[in-house]
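Before any comments, here is the structure.
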Amino acid sequence: VADPRSLITRSLPNAYYYTNYKGVFGAGTLVEAQYSQRHFEFQGDGGATSTNILDSPFFSNSLGL
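Oh and the sequence shown: position 42 is 53 in the numbering used here, straight run, nothing missing.
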């Protein structure tokens, strides 16, 4: 690794919710319903928040870095 500041600690939290219902309403009315929801995201993956050129993981000959 050329610059240890370019290393990241990435996590991938994943949450999933699911439910369903089957039942009878009244005289012979059948009901079936289901619901699902998923949440997925990338955390700690992407560019650094600093805009300072010295925090860049890239080297430049013109800046003497």
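Note that CB positions come from ideal geometry on N, CA and C, so glycine has one too.
| said: Short of 7 Å in beta carbon distance, which residues of its chain neighbour P24, apart from the five on each side in sequence? Order them along the chain. | reply: Excluding positions up to five away in sequence, the list reads E52, Q54.
| said: Just to confirm, is the Cβ distance from N31 to Q45 under 8 Å? | reply: A contact, by the Cβ cut-off of 8 Å.
| Run through DSSP, which three-state label would G41 get? | Going by the sequence as given, residue 41 is Leu instead of Gly. Looking at L41 - three-state DSSP - the assignment turns out to be strand.
| request: Please list, in chain order, all residues of the same chain as L41 whose beta carbon is under 7 Å from its beta carbon, the five residues on each side excluded. | output: Cβ within range, chain order: V35.
| Expressed to the nearest angstrom, what Euclidean distance is found between the alpha-carbon atoms of S22 and A38? | S22 and A38: Cα-Cα distance of roughly 51 Å.
| Who are the near neighbours of H50 in its chain, counting only those whose CB is closer than 6 Å to its CB and skipping five residues on each side? | A26
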